[in-house]
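Here is the structure we will look at, set down as structure tokens.
Residue numbers (mature numbering (1 follows the signal peptide of the UniProt record, and there is no 0)): -30 to -1, 1 to 181.
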């Protein structure tokens, strides 16, 4: 038991240290305001494993403005394309070292849930968006299906002043949770927790929680 507690403490300290390395975006106009329009009360929060202690499950789902992003091949992608699924938007940037450490773990979550109601949407906030594809290729990550944001649309939806950051949306496109900073998404307790979030929010039952 003592060895397990020590291991958990070390893991928590590592996570905090890497979170401290998360950087402010270099753009002066990055917004840091959470959406405020409440849609429904989310009810009792789900129990969280230690690794997810910094994930905030919001007490009220928040409406966000629609935004259009682009795939590296030029296709347009919107949050509304994924109705009926829990969506994790993971903000990252080429200049952010913790982000690069997160990518393989986020990609594994994406691949492990292809047949489930859980979608991972990586979103690069790089201003030099035309260089993102080449960057991923140099780092042997060419298959990572990241989106780019040439028009800075993300700033209409959610705070983009810290990366990495992960925002969770219910099956109707409402913001229901977030984690700002690095996380060891490869921890074995993450997937079961994400499955519980998916069960609760992919097709949210709002009948008893409407404002």
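We put the beta carbon where it would ideally sit given N, CA and C, even for glycine.
In this text, all values refer to a predicted model and were calculated from it rather than measured experimentally.
Along the chain, where does the beta strand (DSSP E) containing residue i start, and where does it finish?
i: residue 40; result: 38 to 41
i: residue 46; result: 46 to 48
i: residue 3; result: It is not in any beta strand (DSSP E) - residue 3 carries neither H nor E in the DSSP assignment.
i: residue 56; result: 56 to 62
i: residue 20; result: That residue, residue 20, is in no beta strand (DSSP E); it is neither H nor E in DSSP.
i: residue 27; result: 26 to 32
i: residue 150; result: 145 to 150
In terms of residue numbering, what span does the alpha helix (DSSP H) encompassing residue i cover?
i: residue 105; result: 102 to 108
i: residue 165; result: 160 to 171
Does the distance from the C-beta atom of residue i to that of residue j stay below 8 Å?
i: residue 168; j: residue 61; result: no
i: residue 144; j: residue 33; result: yes
i: residue 111; j: residue 92; result: no
i: residue 132; j: residue 151; result: yes
i: residue 149; j: residue 136; result: yes
i: residue 37; j: residue 124; result: yes
i: residue 174; j: residue 119; result: no
i: residue 126; j: residue 45; result: no
i: residue 41; j: residue 134; result: no
i: residue 30; j: residue 12; result: yes
i: residue 26; j: residue 39; result: no
i: residue 49; j: residue 166; result: no
Within 10 angstroms of its Cβ, does residue i collect 16 or more other Cβ (buried), or is it exposed?
i: residue 170; result: buried
i: residue 109; result: exposed
i: residue 107; result: exposed
i: residue 130; result: buried
i: residue 3; result: exposed
i: residue 219; result: Only positions -30 to 181 of the chain appear in this structure, which leaves residue 219 out of reach.
i: residue 104; result: exposed
i: residue 153; result: buried
i: residue 72; result: buried
i: residue 162; result: exposed
i: residue 6; result: exposed
i: residue 102; result: buried
i: residue 77; result: buried
i: residue 85; result: exposed
i: residue 20; result: exposed
i: residue 159; result: exposed
i: residue -6; result: Reliability of the predicted coordinates at residue -6 is poor, the pLDDT of 48 falling under 50, and no value is obtained from them.
i: residue -2; result: Residue placement at residue -2 cannot be trusted, given a pLDDT of 42 that sits under 50; what the coordinates show is reported in the next sentence. The residue is exposed, with fewer than 16 neighbouring Cβ atoms inside 10 Å.
Between the Cα of residue i and those of the options, spot the shortest distance and give me the residue it belongs to.
i: residue 28; options: 10, 78, 165; result: 10
i: residue 82; options: 8, 6, 155, 175; result: 155
i: residue 18; options: 120, 174, 157, 172; result: 157
i: residue 99; options: 63, 48, 78, 59; result: 63
i: residue 65; options: 15, 95, 126, 86; result: 95
i: residue 138; options: 122, 121, 164; result: 164
- Message: Just to confirm the assignment: which complete alpha helix (DSSP H) runs, minimum length 4, are found wholly within the segment 73 to 141?
- Response: 102 to 108
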